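Residue numbers (this note's numbering): 1032 to 1750.
Here a beta-carbon is modelled for each residue, glycine too, at the ideal position from N, C-alpha and C.
This one's a predicted model, so the numbers in the text were calculated from it and none came from an experiment.
Next up, the structure:
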């Protein structure tokens, strides 16, 4: 089928043109006064046809989601519209829908113009170009129309751009995202609409409620890494994002992500996105962490791959970025790896030559680094990671700068968990009194094949010079996530937590845990500390739908003390074993007890993600805040095998009301209390062990040996 919303049809040319002669209708502002009356027109894509289609109608969604009309998948994009004249008000324009018979394309024709709808209806039976057309409905949904000259939309509405494929099989795509508009134009589509920005219609809401594309097609030339391929390269696939807000300017955001992910570890490069308008538009730059982004022997970054992007912005606006870069497989004969940092003094547009904090060859591997700028002192920036030595342990290593990144102190170990143990996922936060708290997961092997994961913190009262004994927070009882139908693994964040600190000194921690279901599935666990990390509240479940797996949580604390956690779940999954519909959610709480959930994006098909020991969007995602609004920064899939994933930023509203009842079973969650750790049966012990071993195996870079799932402490480590 060829589905499209079109404003004007030229039967002689067999193409569609914007209807500029229609006077702008006066919109009543119902989008602002009654936003809960709106519905979501979901976008679908058919790869075989290379066509797009949008609809808010339940029968359409069911037919396409179920596969009764084959070949269509959700893109994750949508447009908010009104279901009725009553909902939209007297100024809302109905969108008519005609069926086009096979002799003309076996498709559908939509129009937002009443004049257009009447003209097509009148032509049926008179003009051969319209023979066989059937008016299915005069009002599939309702929208506002832009000003015909300026293209501006009424207050409370958002511009929607129309892109035409310029082919005989005419098809249009509609989007509120200027980045997608630019991407489609780059693919040869023509922008059609009113005014200089080619605005086709005006959707409910504003761009403040949009999901905006951040990443672009890969800028890397083939072979830029200079080494033969060892696995599958997912060109144009972006994963594992991190974002920071400039303390000097809340409209200034800098995000980083992996670009062109390899299936066996790392990416060809890390890219940097810079926004000066609070995330609405982005430009892309890069630091020279690998060959594809300018790394060379001259600047100390002569590595074909890089991974684990992380970003921090100091209180003077200086941006600091960190990465692990490497060549060859982990512990391979000619392998090398390093932790690199770079800084930018112009808001992320240019980056200095990288500084090497540590470099190792085959005997050790440095992994899962992070970087933190002291919010009270621009001179102090902290870097932390785990360094695993072959046939030995994996201590936490640390370095800092005391001159704003001009120089860095020699790296050193600050916590050694012992020979049969390692740390993972080290993250430093700074309390208001200057106390540093380093959070990590400790993985311990008992020598008998069992691996235990524990969430731990250490503290420093002297800016990282000395560190306390470890503080146990909670055990981690993650079993990991897989497609419920096919069993295909999801590369989730099992045994990898997320920590945040608030201006009031509160600490929050979130992670995947199966204790709330007796070990059946992972949920999102949450704990907090109000005494600087010395003691922690018992773990509680905060995801809204307990009957499905939830994964990759990220926590943030707003300036007003509100907790926010974003995460994925599969509540909209279907029985189709070939797909895995997945959604992204944001849940908020002022007290850590009652949580209010908002839908961020999706469903999108997670099965289209790069396969890196499981469907992979990143070991972590990102969540920040501007004022009283949380801003998720995340990866999701596209319905395009040549561009499997992109990075997005979202601006979800504060309301937990959902118009689509199929998406959620409840948006307010009240915890009755903590759940006990499930009874450790042999079967559950095996699932926990396997999840911990997968966590370790997924750290491996390069070709994975057959024994890569060996537990920590053995000679052939999974690092």
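Output yes or no for whether 7 Å exceeds the beta carbon distance between residue 1208 and residue 1243. Position 177 of the chain shown holds residue 1208. Position 212 of the chain shown holds residue 1243. One thing to note: residue 1208 has its Cβ within 7 Å of the Cβ of residue 1243.
With distance defined between alpha-carbon atoms, name the residue in 1402, 1119, 1324, 1200 nearest to residue 1187. Reading the chain shown from its first residue, position 156 is the one you call residue 1187. In terms of Cα proximity to residue 1187, the closest of 1402, 1119, 1324, 1200 is 1119.
Under 8 Å, with one C-beta from each stretch per pair, do the stretch 1148-1158 and the stretch 1193-1211 reach the 3-pair mark? Flag = no, the stretch 1148-1158 and the stretch 1193-1211 do not touch.
How would you call residue 1531, buried or exposed, if buried means at least 16 neighbouring beta carbons within 10 angstroms? Along the chain shown, read from residue 1 onward, the residue named residue 1531 stands at position 500. Around the beta carbon of residue 1531, 16 or more other beta carbons lie within 10 angstroms, which makes this residue buried.
State buried or exposed for residue 1628, treating a residue as buried only when at least 16 other CB atoms are found within 10 Å of its CB. Counting from one through the chain shown, the residue named residue 1628 turns up at place 597. Burial call: buried.
Beta strand (DSSP E) segments (min. 3 residues) lying fully within the stretch 1133-1177: Listed in chain order, the complete beta strand (DSSP E) runs (minimum 3 residues) inside the stretch 1133-1177 are 1138-1142, 1165-1174.
So, do the stretch 1155-1166 and the stretch 1126-1135 have three or more beta carbon pairs nearer to each other than 8 Å? Between the stretch 1155-1166 and the stretch 1126-1135, the count of Cβ pairs shorter than 8 Å is three or higher; the stretches touch.
Note down the Cα distance separating residue 1681 from residue 1309, rounded to an integer number of angstroms. Translated into positions along the chain shown, residue 1681 becomes position 650. Translated into positions along the chain shown, residue 1309 becomes position 278. One Cα belongs to residue 1681, the other to residue 1309, and the distance between them is close to 11 Å.
Of the residues 1590, 1529, 1612, 1722, which one's Cα is nearest the Cα of residue 1515? Here residue 1515 is taken as the residue at index 484 of the chain shown, counted from 1. Of the candidates 1590, 1529, 1612, 1722, the one whose C-alpha sits nearest the C-alpha of residue 1515 is 1612.
Report the residue from 1410, 1645, 1569 whose alpha carbon sits nearest the alpha carbon of residue 1350. Your numbering for residue 1350 matches position 319 in the chain shown. With distances taken between Cα atoms, residue 1350 lies closest to 1410.
If you follow the beta strand (DSSP E) that residue 1124 is part of, which residue opens it and which one closes it? In the chain shown, counting from the first residue as 1, residue 1124 sits at position 93. Here the beta strand (DSSP E) through residue 1124 covers 1124-1131.
Looking at the structure shown, is residue 1349 part of a helix, part of a strand, or coil, going by DSSP? Your numbering for residue 1349 matches position 318 in the chain shown. Note: residue 1349 maps to coil in three-state DSSP.
Short check: CB of residue 1077 to CB of residue 1107, under 7 Å? The residue you call residue 1077 lines up with position 46 of the chain shown. The residue you call residue 1107 lines up with position 76 of the chain shown. The answer is no: Cβ separation not under 7 Å.
For the alpha helix (DSSP H) containing residue 1595, list its first residue and its last residue. Translated into positions along the chain shown, residue 1595 becomes position 564. Residue range 1594-1600 is occupied by the beta strand (DSSP E) that includes residue 1595, with no alpha helix (DSSP H) assigned at that position.
Where residue 1316 sits in the DSSP three-state scheme: In the chain shown, residue 1316 corresponds to position 285, counting from 1. Three-state result, residue 1316: strand.
Segment contact flag, the stretch 1652-1664 with the stretch 1604-1623, C-beta cutoff 8 Å, min 3 pairs: Flag = yes, the stretch 1652-1664 and the stretch 1604-1623 touch.
Let me know the secondary structure DSSP gives residue 1211 once reduced to three states. As a working mapping, residue 1211 is identified with position 180 in the chain shown. Note: residue 1211 maps to helix in three-state DSSP.
Going by other Cβ atoms of all chains shown within 10 Å of its Cβ, with 16 needed for buried, is residue 1655 buried or exposed? Along the chain shown, one-based indexing puts residue 1655 at 624. Burial of residue 1655 is indicated by the presence of at least 16 other C-beta atoms within 10 angstroms of its C-beta.
Looking at C-beta atoms only, is the number of pairs between the stretch 1537-1552 and the stretch 1567-1583 that lie closer than 8 Å three or more? The answer is yes - the stretch 1567-1583 touches the stretch 1537-1552, with three or more Cβ pairs under 8 Å.
So is residue 1400 buried or exposed if we call it buried at 16+ other beta carbons inside 10 Å? Start at 1 with the first residue of the chain shown, and residue 1400 comes out as number 369. The residue is buried, with at least 16 neighbouring Cβ atoms inside 10 Å.
Proximity winner among 1342, 1291, 1607, relative to residue 1093 (alpha-carbon distances): The sequence position of residue 1093 within the chain shown is 62, counting from 1. When each option's Cα is compared against that of residue 1093, the closest is 1607.
Rounded to whole angstroms, what's the CA-CA distance from residue 1459 to residue 1219? Just pull it up for me. Within the chain shown, the letter at position 428 stands for residue 1459. Within the chain shown, the letter at position 188 stands for residue 1219. Just so you know, the alpha carbons of residue 1459 and residue 1219 end up roughly 46 Å apart.
Assuming residue 1315 and residue 1301 make a contact with CB atoms under 8 Å, what is their CB distance in whole Å? Translated into positions along the chain shown, residue 1315 becomes position 284. Translated into positions along the chain shown, residue 1301 becomes position 270. Not a contact, Cβ separation roughly 11 Å.
Expressed to the nearest angstrom, what Euclidean distance is found between the alpha-carbon atoms of residue 1271 and residue 1441? Here residue 1271 corresponds to residue number 240 of the chain shown, with the count starting at 1. Here residue 1441 corresponds to residue number 410 of the chain shown, with the count starting at 1. In this model, residue 1271 and residue 1441 are separated by some 28 Å (Cα to Cα).
May I have a chain-ordered list of the beta strand (DSSP E) segments no shorter than 3 residues that lie completely inside the stretch 1502-1536? Fully enclosed beta strand (DSSP E) runs of 3 or longer: 1502-1506, 1520-1522, 1529-1532.
Taking the alpha-carbon of residue 1000 as reference, which of 1328, 1451, 1386, 1423 has the nearest alpha-carbon? Because the chain in this structure spans residues 1032 to 1750, residue 1000 falls outside the shown range and cannot be described.
Selection from 1520, 1182, 1422 that minimises the alpha carbon distance to residue 1393: Numbered from its first residue, the chain shown carries residue 1393 at position 362. In this structure, 1422 is the residue among 1520, 1182, 1422 with its C-alpha nearest to the C-alpha of residue 1393.
With H, G and I counted as helix, E and B as strand and the rest as coil, what does DSSP make of residue 1337? The count along the chain shown starts at 1 and reaches residue 1337 at position 306. In this structure, residue 1337 counts as strand in the three-state DSSP scheme.
On a CA-only basis, which of 1567, 1489, 1535, 1581 is nearest residue 1504? Give me that one, please. Locating residue 1504 in the chain shown gives position 473, counting from the first residue. Residue 1567 is the option with its Cα nearest to residue 1504.
Under the rule that 16 or more other beta-carbon atoms within 10 Å means buried, what is residue 1328, buried or exposed? Numbered from its first residue, the chain shown carries residue 1328 at position 297. With fewer than 16 neighbouring CB atoms inside 10 Å of its own CB, residue 1328 falls in the exposed class.
In this structure, how does DSSP classify residue 1443 when only helix, strand and coil are distinguished? In the chain shown, counting from the first residue as 1, residue 1443 sits at position 412. Looking at residue 1443 - three-state DSSP - the assignment turns out to be strand.
Can you tell me the Cα-Cα spacing of residue 1379 and residue 1404, whole angstroms? The residue you call residue 1379 lines up with position 348 of the chain shown. The residue you call residue 1404 lines up with position 373 of the chain shown. Those two C-alpha atoms are separated by around 15 Å.
Provide the residue span of the alpha helix (DSSP H) that contains residue 1117, from first to last. Translated into the one-based positions of the chain shown, residue 1117 becomes position 86. 1116-1119 is the span of the alpha helix (DSSP H), which, as asked, contains residue 1117.
Leaving out five residues before and five after residue 1556 in sequence, what residues of the same chain have Cβ atoms less than 6 Å from its Cβ? By 1-based counting over the chain shown, the position of residue 1556 is 525. Counting only residues of its own chain and dropping the five nearest sequence neighbours on each side, residue 1556 has a CB closer than 6 Å to the CB of 1542, 1544, 1570.
Within 10 angstroms of the Cβ of residue 1117, are there 16 or more other Cβ atoms? Answer buried if so, exposed if not. Stepping through the chain shown from its first residue, residue 1117 is reached at position 86. Exposed, by the Cβ-count rule.
Residue 1190 - containing alpha helix (DSSP H), residue span: The residue labelled residue 1190 in the question sits at position 159 within the chain shown. DSSP places residue 1190 outside any alpha helix (DSSP H); the residue lies instead in the beta strand (DSSP E), whose first and last residues are 1188-1195.
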